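Encoded as structure tokens, the structure appears first; notes follow it.
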Amino acid sequence: MKQVVQAASGGAVRVLDVPVPIIGPTEVLVATAATIVSAGTERAVTELARSGLLAKARARPDLVRKVAEKARTDGLVPAARSVRDRLGTDVPLGYSGCGRVVEVGSAVAGIRPGDLVATGGAGRANHAEFQAVPGLLCARVPDGVEPGAAAFATIGSIALHGLRLAEVGPGAKVVVVGLGLVGQLAARLALASGCEVAGIDLAQLPLTTAAAVGVHALAEVGEATTAAVRAWSRGRGADAVLICAAGRSAEPVMRATALARDRAQLVVVGDVGLGLLRAPFYDKELTLRFARSYGPGRYERGYEDWGVDYPAGQVRWTEGRNQEAVLDLLAAGRLRVDDLVTHAFPIDAAPRAYELVADRSEPYLAIRFDYPAAVPTLPASRQPGQVAGGQVADDAVQLPSPRPRPWLPRQRGAAAGRRGSRVGWIGAGAFSGSVLLPAFRAAGFDQFVTVASAGGRSARSFADRHGFAGAVAGADAVLDDDDIDVVVIATPHATHAELAARALERGRNVWCEKPIALTFDELDRVEKAAAAGGGVLVVGYNRRFSPAVGAARTALAARTGPLTIIYRIAAGGVPAGHWYNDRVQGGRLLGEVCHFVDTCAALAGSEVEAVAALAGREAELLLASDLAVSLRHADGSLSTVAYSSARPRGARKEQVEALAGTRHARIDDYRELVVDGRSVWKGAQDKGHRDAAAAFLRMCRGGDTAVTAELLASSRATLAAADALGVEAVCSPGAPRA
Numbered sequence: 002m003k004q005v006v007q008a009a010s011g012g013a014v015r016v017l018d019v020p021v022p023i024i025g026p027t028e029v030l031v032a033t034a035a036t037i038v039s040a041g042t043e044r045a046v047t048e049l050a051r052s053g054l055l056a057k058a059r060a061r062p063d064l065v066r067k068v069a070e071k072a073r074t075d076g077l078v079p080a081a082r083s084v085r086d087r088l089g090t091d092v093p094l095g096y097s098g099c100g101r102v103v104e105v106g107s108a109v110a111g112i113r114p115g116d117l118v119a120t121g122g123a124g125r126a127n128h129a130e131f132q133a134v135p136g137l138l139c140a141r142v143p144d145g146v147e148p149g150a151a152a153f154a155t156i157g158s159i160a161l162h163g164l165r166l167a168e169v170g171p172g173a174k175v176v177v178v179g180l181g182l183v184g185q186l187a188a189r190l191a192l193a194s195g196c197e198v199a200g201i202d203l204a205q206l207p208l209t210t211a212a213a214v215g216v217h218a219l220a221e222v223g224e225a226t227t228a229a230v231r232a233w234s235r236g237r238g239a240d241a242v243l244i245c246a247a248g249r250s251a252e253p254v255m256r257a258t259a260l261a262r263d264r265a266q267l268v269v270v271g272d273v274g275l276g277l278l279r280a281p282f283y284d285k286e287l288t289l290r291f292a293r294s295y296g297p298g299r300y301e302r303g304y305e306d307w308g309v310d311y312p313a314g315q316v317r318w319t320e321g322r323n324q325e326a327v328l329d330l331l332a333a334g335r336l337r338v339d340d341l342v343t344h345a346f347p348i349d350a351a352p353r354a355y356e357l358v359a360d361r362s363e364p365y366l367a368i369r370f371d372y373p374a375a376v377p378t379l380p381a382s383r384q385p386g387q388v389a390g391g392q393v394a395d396d397a398v399q400l401p402s403p404r405p406r407p408w409l410p411r412q413r414g415a416a417a418g419r420r421g422s423r424v425g426w427i428g429a430g431a432f433s434g435s436v437l438l439p440a441f442r443a444a445g446f447d448q449f450v451t452v453a454s455a456g457g458r459s460a461r462s463f464a465d466r467h468g469f470a471g472a473v474a475g476a477d478a479v480l481d482d483d484d485i486d487v488v489v490i491a492t493p494h495a496t497h498a499e500l501a502a503r504a505l506e507r508g509r510n511v512w513c514e515k516p517i518a519l520t521f522d523e524l525d526r527v528e529k530a531a532a533a534g535g536g537v538l539v540v541g542y543n544r545r546f547s548p549a550v551g552a553a554r555t556a557l558a559a560r561t562g563p564l565t566i567i568y569r570i571a572a573g574g575v576p577a578g579h580w581y582n583d584r585v586q587g588g589r590l591l592g593e594v595c596h597f598v599d600t601c602a603a604l605a606g607s608e609v610e611a612v613a614a615l616a617g618r619e620a621e622l623l624l625a626s627d628l629a630v631s632l633r634h635a636d637g638s639l640s641t642v643a644y645s646s647a648r649p650r651g652a653r654k655e656q657v658e659a660l661a662g663t664r665h666a667r668i669d670d671y672r673e674l675v676v677d678g679r680s681v682w683k684g685a686q687d688k689g690h691r692d693a694a695a696a697f698l699r700m701c702r703g704g705d706t707a708v709t710a711e712l713l714a715s716s717r718a719t720l721a722a723a724d725a726l727g728v729e730a731v732c733s734p735g736a737p738r739a
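Quick note: the sequence shown uses the working numbering, first residue 2, plus one each step.
Spelled out as structure tokens, the structure:
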């Protein structure tokens, strides 16, 4: 399918051929009929992408801090590699559209295949021939509303949410500052609500268009415009001012203070500067509010990703219900949008639209992309019972089949048919590109066949950057491809066990990033699949393969008694929206502490037989960011993992000490190993990713696979820690829980 993207590193907007996305249980697959360009928002995205690194840094200081922290902890080379990989990604454009439902996720209610729906959501309702959209961001289009008009619903929801925050009703005097597309819609929605509306802009086209529907249109000329607003409002000033302009200056907000009456509402809808003076707000006791996109539910994972709606009695106007309200106004004829479309382009010609937006060579308001009317149906491989969704349209047209691979940018030469050399990669995230894939290449893997991601777009970008022969949407195309004998799983944690088990059952060799499982039942299934399928399994516990751990094991081999190991981690905090705070993904214990449990087992050379764990009080137990895990190994060694969300600037992230009799080994953040006070290994930070991949390649080609049992035992020990927070749990293959 075709999709419009902007490379994060800059350059022109492109239309790419990418795989059709795979939907999840809470999503809907929509064949697009029309999308609307939100010129202000999308121009900001393209301008940032085309700017230099300094401008990018000024715009995103949060990312600069992350890069600086990575450079401090991991070194300059890994940090630079991470930045290059991020800049190599493509940013999808668009967020407001309309189309026909092709497939419905099993957890979506109220939408059926064949329905015409308005779609919303940045990163979801893109300018693309097919969209995978959260069910709560799809609103059924009433009869009589054309797709081109319904495509305005999400942009209209932005304007409507701003109007709701203004708390105005019939007869209120509302001023809209900035009559671009969102401002035009805000003015029309205010008129439909019974308000009197004045609109202010610098350009003639927006003023003429607004005046044609009954807006009191005023050119911005300073004091004369203020006087005109005063006269229009009977000398009082506006009851509410919606600031729909965009730009770096705070002038639109300060301008609004002169237009407003005493104790009026000012609502910032557009992206404007905020260098404000206090006095005008204080003198009139003005209320300043900021509209957050389409309304309640926006940026909430529970609402958008998990499909948990707010009860109407508690939150009447969610972003989804705002979409519905805009559509109802269109159906009733109380809102008109067709005259706002100044330009329409077929999706193939999308770059021309962005040239117009960038150079402003001619005036415009709404720009619409139109899509081919004849859209194909789902193939047999995507029929009900074989897909994540629950319903597929009976008369749907054929979607491009993932087999054979739909995108082949280059023909690779015939390679040696040795086992363990043809790699299928599932997951196209930042870790895959900046850390894992370079390790695999350095280890000797050289035939990268296909990469898959749920949406397909990131897989296409990943394949283009890293030399994969093909890109597909969804894991099935990789798992079912008999041309692939190695499957790498680098997806969200909750998917690991299912994908690993399916790959192993097909006889594939599997590298699965940690954790391999989030429950004992999942781990049991993976172990059975590994035993039955005949393929090799490695879990990405890379630290045991690092040179520091290897040298420490050699130095401690001659010890006469059990070890005492203390592993301290200063992990640092994560933002509230980070996936570590998502219980579905297992939290920090199952997602990261598993690394350190395995490293302790590797240093001791002995499996864990008993586990105890304690968690801090600041969160539910599984999501705690401060943890202590104690392990007893079969040989009597004791290990303690102290995992902290603190990150003092002078502290290394990871420090490991192992003591036995007169021997003492200390690993300093995988940069140095000191044994009995003498440095025995020192170098650039090396957490063992390359050596782990090399060991995996040897196993794929017939080498010793004994380490797999140790990796699975560490996984079982970590699950026991989660199961026994605060109590001891016996950990053995036969009795995993206390």
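Just so you know, even glycine gets a beta-carbon here, dropped at the ideal spot from N, CA and C. Predicted model only: the values in this text are computed from it and were never measured.
Item: Delimiting residues of the alpha helix (DSSP H) encompassing Thr-47; Value: 40 to 51
Item: Member of Asp-599, Leu-277, Trp-318 whose CA lies at the smallest distance from the CA of Val-657; Value: Asp-599
Item: C-beta atoms of Ala-241 and Ala-173 nearer than 8 Å; Value: yes
Item: Beta-carbon proximity check, Leu-328 vs Leu-366, cutoff 8 Å; Value: no
Item: Beta-carbon proximity list for Ala-34, same chain, < 7 Å, skipping 5 on both sides; Value: Cys-99, Gly-100, Arg-101, Pro-148, Tyr-372
Item: Phe-131: first and last residue of the uninterrupted beta strand (DSSP E) it sits in; Value: 131 to 135
Item: Whole-Å CB distance - Val-31 paired with Gln-132, under 8 Å assumed; Value: 5 Å
Item: Strand pairing of Leu-117, partner residues [DSSP]; Value: Arg-101
Item: Lys-688 (DSSP reduced to helix, strand or coil); Value: coil
Item: His-579, buried or exposed, once every other Cβ within 10 Å from all chains shown has been counted against 16; Value: exposed
Item: Extent of the continuous alpha helix (DSSP H) to which Phe-597 belongs; Value: 595 to 605
Item: Delimiting residues of the beta strand (DSSP E) encompassing Pro-93; Value: 91 to 93
Item: Boundaries of the beta strand (DSSP E) in which Tyr-644 is found, first to last residue; Value: 639 to 645
Item: Neighbour-count burial assignment, Pro-207, 16 or more Cβ in a 10 Å radius; Value: buried
Item: For Arg-369, the residue or residues it bridges with in DSSP; Value: Ile-37, Ala-345
Item: Stretch-stretch touch, CB-based, cutoff 8 Å, three pairs: the segment 221 to 239 with the segment 194 to 205; Value: yes
Item: Limits of the alpha helix (DSSP H) - the one that Asp-1 falls within; Value: As shown, the chain starts at 2 and ends at 739. That puts residue 1 outside it, with no answer to give.
Item: Ser-454: first and last residue of the uninterrupted beta strand (DSSP E) it sits in; Value: 448 to 454
Item: Assigned secondary structure, Gly-574 (DSSP; H/G/I helix, E/B strand, else coil); Value: coil
Item: Inter-residue spacing [alpha-carbon to alpha-carbon] between Gly-637 and Ala-549; Value: 23 Å
Item: Three-state secondary structure (DSSP) of His-217; Value: strand
Item: CA-to-CA distance, Val-134 to Leu-88, given in whole angstroms; Value: 25 Å
Item: DSSP state of Asn-510 mapped onto helix, strand, coil; Value: strand
Item: Within 8 Å, strictly: CB atoms of Arg-569 and Ala-643; Value: yes
Item: Nonlocal neighbours in the same chain, by C-beta distance under 6 Å from Ser-640, ignoring five residues either side; Value: Ile-566, Cys-601, Leu-632
Item: Other residues of its chain near Glu-305: CB distance less than 6 Å, five sequence neighbours each side excluded; Value: Pro-135
Item: Counterpart residues of Trp-682 in DSSP-defined beta bridges; Value: Leu-674
Item: Secondary structure of Ile-112, DSSP reduced to three states; Value: coil
Item: Assigned secondary structure, Ser-715 (DSSP; H/G/I helix, E/B strand, else coil); Value: helix
Item: Within 8 Å, strictly: CB atoms of Met-700 and Val-539; Value: yes
Item: Inter-stretch contact (C-beta, 8 Å, three-pair minimum) for the segment 423 to 441 and the segment 678 to 692; Value: yes
Item: Residue closest to Phe-521, alpha-carbon to alpha-carbon, out of Leu-591, Gly-475, Gly-535, Ala-504; Value: Leu-591
Item: Beta-carbon spacing of Ala-187, Val-270 below 8 Å; Value: yes
Item: C-beta contact flag for Ser-646 and Gly-703 at 8 Å; Value: no
Item: Nearest-angstrom Cβ-Cβ length linking Ala-354 and Val-38, presumed shorter than 8 Å; Value: 6 Å
Item: CA-to-CA distance, Leu-726 to Ala-571, given in whole angstroms; Value: 20 Å
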